[in-house]
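Structure record follows, encoded as structure tokens.
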Amino acid sequence: MRKADTGDQARAEGVKVARELLGEIRHLVQGVQISAPFGRYAMAVEVASVLREHAEAANDQPSVAGRRAEG
């Protein structure tokens with residue numbers, strides 16, 4: 042992780058790290074809880090979007106509670 046000079050850079054780096062972490066642990070967990078700091082909901086959505094990206098890349102369909110959809 043690199044040092045950020047501004048608050049915006051720090052937030053962007055935090056989102057980047059969180060996305061990388063979720064991408065790496067996705068297969069190890071059944072779900073995650075993501076907080077939206079100070080009402081910054083777009084940041085939480087950006088972090089969570091990595092889960093859908095990985096599911097689509099694996100031709101997998103995410104479902105409720107992060108479990109693979111059966112059917």
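In this text, residue positions in the sequence shown follow the numbering used here: the first is 42, and each later residue adds one.
Glycine included, C-beta positions come from ideal geometry on N, C-alpha and C.
1) For the putative contact between residue 86 and residue 60, defined by C-beta atoms under 8 Å, what is the C-beta separation to the nearest angstrom?
2) Using the three-state DSSP reduction, which class does residue 76 fall into: helix, strand or coil?
3) If you drop the 5 nearest sequence neighbours on each side, which residues of the same chain put their C-beta closer than 7 Å to that of residue 95?
4) Distance check for residue 47 and residue 57, CA to CA, integer angstroms please.
5) Alpha carbon to alpha carbon, how far is residue 44 from residue 97? Give it in angstroms, no decimals.
6) How is residue 81 classed by DSSP in three states: helix, strand or coil?
If we stick to the structure as given:
1) To locate residue 86, count along the sequence shown from 1; it is residue 45. To locate residue 60, count along the sequence shown from 1; it is residue 19. Residue 86 to residue 60, Cβ: 11 Å. No contact.
2) Within the sequence shown, residue 76 is the residue found at index 35, counting from 1. Residue 76: coil per DSSP, three-state reduction.
3) Position 54 of the sequence shown holds residue 95. Closer than 7 Å at the Cβ level, and outside the excluded window around residue 95, lie 64 and 67.
4) Locating residue 57 in the sequence shown gives position 16, where the first residue counts as 1. Locating residue 47 in the sequence shown gives position 6, where the first residue counts as 1. Distance between the alpha carbons of residue 57 and residue 47 is about 15 Å.
5) Numbered from its first residue, the sequence shown carries residue 97 at position 56. Numbered from its first residue, the sequence shown carries residue 44 at position 3. Straight-line Cα distance between these residues: approximately 32 Å.
6) Position 40 of the sequence shown holds residue 81. If DSSP states are grouped into helix, strand and coil, residue 81 belongs with coil.
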